[in-house]
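Working notes, beginning with the structure itself.
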Amino acid sequence: MRAVRFYGRRDVRMDQVEDLGSPKPGWVRLKVDACGICGTDLEGYVNGPDDREYAGKGILTLGHEGAGTVVETGEGVSLAIGQRVAVEGHLFCRECFYCLRGDYALCVRLKSLGQGADGGLAEEMLAPEYMCLPYADSLEPHHAALAEPTSVAVRAVRRGRLAAGETVVVVGGGTIGLLLLQIVRLRGAARVVVVEPVASRRELALRLGADQAVAPDDAQATLDELTSGVGADVAFEAGGSPAAAKAAVELVRKGGRTVLLGVTGGSLELPLLRFLLTEKEVIASLSHTYDVDFPEALRLLESGQVVAEPLITDRIGLDQVVSHGFEALLAEPAAHLKVLVVP
Ligand SMILES: [Zn+2]
Ligand SMILES: [Zn+2]
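Under the numbering used here, think of the first position of the sequence shown as 1, with each following residue one higher.
Quick look at the structure:
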């Protein structure tokens, strides 16, 4: 079968690889219906290890935003052949301090499909049953592939303890930002401002329910006007840059919460006295859990309360992952939101 594999920085290849064979007990083999490329994949493409093999980590099939159809089940699996599922992606130990608390994303032995283990940018993939969630026929498989990024947004909203009636600012109007926007609206945010440099994304944010969508330079003035100078109750940083994180912290009111969820290098400087005097909270939110965030995300897509189609800008084949995926995202980041790979 064909698989898109990561060899090292800027070295991703579509290979002909051996068929996966039968799944082990508790696992299934899936035909991949669609798998998204996300900012984390791009970050790995640009800044990942120089040479995975040299680093002792082996060549890896990419893809952690998958949806597929069950083609073979291992022993003890109750999913049926032909069932369509969305794939959550985290492999965790169930034994460590964090797993026992249900904080699976913090597992000390955490691996993810497409990141620490072979993922879904292939014709077929293997996955444990627990991370494969069936969904209703009414949901298109391409949209089910957005369950993973949607669950990232679901978790962030939970981590931010959003209450009905609050004013929210979302910094970054990419796929995650536009999912966050839809979810905070559903959770009763009174006012939502999206901060995004790209005009076409601002227009999309308005269509998806933002009260205002503004360029970064206009964010402070807009928030000041909207809140009589107080600031937002909650900010979500979905821009994936230190500048977005800084803006998010600055746009919340005293005592407000900033949720950081964009994957980025760099650091956030906090002037300690000002931080203390404002009692602001900065909260990190990492990916999702298979038992809480992921099912909630899939149900939001299934019910149509969160829409995926406007976020999908490209559908490409496995052989186009580098040319029409990574390189296109680098050359023209503003022209793409979710790039879906359809094997
Ligand atoms: Zn992702
Ligand atoms: Zn663990």
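For each residue, glycine too, the CB sits at the ideal point set by N, CA and C. Treat the numbers as computed from the prediction; the structure is a model and nothing was measured.
| Query | Result |
| --- | --- |
| Run through the segment 260-285 for me and flag every whole alpha helix (DSSP H) of 4 or more residues, listed as ranges in chain order. | 272-278 |
| When the distance is taken between beta carbons, is Asp-233 closer than 7 Å to Gly-256? | yes |
| May I have the straight-line CA-CA distance separating Cys-107 from Val-154, to the nearest angstrom? | 19 Å |
| Quick one: does the C-beta of Pro-38 sit closer than 6 Å to a heavy atom of ligand 1? | Before going on, a small fix: residue 38 reads as Cys here, not Pro. Checking the Cβ of Cys-38 against ligand 1 gives yes. |
| Tell me the DSSP secondary structure of Cys-99 in three-state form. | helix |
| By Cβ distance, which residues of its chain are closer than 7 Å to Pro-141, with the 5 residues on each side in sequence left out? | Asp-33, Ala-34, Ala-67, Arg-84 |
| If we count Cβ pairs, one from each stretch, closer than 8 Å, do we get three or more for the segment 157-171 versus the segment 188-195? | yes |
| If you run the structure through DSSP and keep just helix, strand and coil, what is Gln-83? | coil |
| For the alpha helix (DSSP H) holding Val-198, just list the boundary residues, first then last. | No alpha helix (DSSP H) contains Val-198, which DSSP labels as neither H nor E. |
| Given Phe-97, which residues of its chain have a CB within under 8 Å of its CB, disregarding the five upstream and five downstream residues? | Val-108 |
| For Pro-295, which residues of its own chain have a beta-carbon under 7 Å away from its beta-carbon, when the five flanking residues on both sides are left out? | Leu-133 |
| I need the straight-line Cα distance from His-143 to His-64, nearest angstrom please. | 14 Å |
| Go through its chain and collect everything with a Cβ distance to Leu-79's Cβ below 8 Å, but skip five positions before and after it. | Val-28, Val-70, Thr-73, Val-85, Glu-129, Cys-132, Pro-134 |
| Would you say the beta carbon of Cys-99 is closer than 6 Å to some non-hydrogen atom of ligand 2? | yes |
| What residue from Ile-59, Arg-207, Glu-124, Asp-293 has the CA that sits closest to Ser-22's CA? | Glu-124 |
| Rounded to the nearest angstrom, how far is the Cβ of Thr-113 from that of Gly-120, given a contact under 8 Å? | First, the amino acid is wrong: residue 113 is Leu here, not Thr. Sure, about 7 Å apart at Cβ, within 8 Å. |
| Taking only the alpha-carbon atoms, compute the straight-line gap between Gln-212 and Gly-265 and give it to the nearest angstrom. | 29 Å |
| Would you decide whether Lys-280 is buried or exposed? Buried here means 16 or more other CB atoms lie within 10 Å of its CB. | buried |
| By DSSP's criteria, Ala-67 is part of a beta bridge. Which residues make up the other side? | Ala-34, Ala-86 |
| Determine the closest residue to Leu-20 out of Arg-9, Gly-165, Ala-247, Met-1, with distance taken between C-alpha atoms. | Met-1 |
| Go ahead and pull the three-state DSSP assignment for Asp-211. | coil |
| Report all residues from its chain with a CB closer than 6 Å to the CB of Asp-51; omit the five preceding and five following residues, and keep chain order. | Gly-8 |
| From which residue to which residue does the alpha helix (DSSP H) around Asp-41 run? | 39-47 |
| Can you find a heavy atom of ligand 2 that lies under 6 Å from the Cβ of Phe-275? | no |
| Secondary structure at Ser-323, three-state DSSP: helix, strand or coil? | helix |
| Which class does Ser-112 belong to by DSSP, given the choice of helix, strand or coil? | strand |
| On a CA-only basis, which of Ile-81, Ala-145, Ala-335 is nearest Arg-299? Give me that one, please. | Ala-145 |
| Starting from Glu-237, trace the alpha helix (DSSP H) both ways and give me its first and last residue. | From DSSP, Glu-237 is part of no alpha helix (DSSP H) but of the beta strand (DSSP E) over 232-237. |
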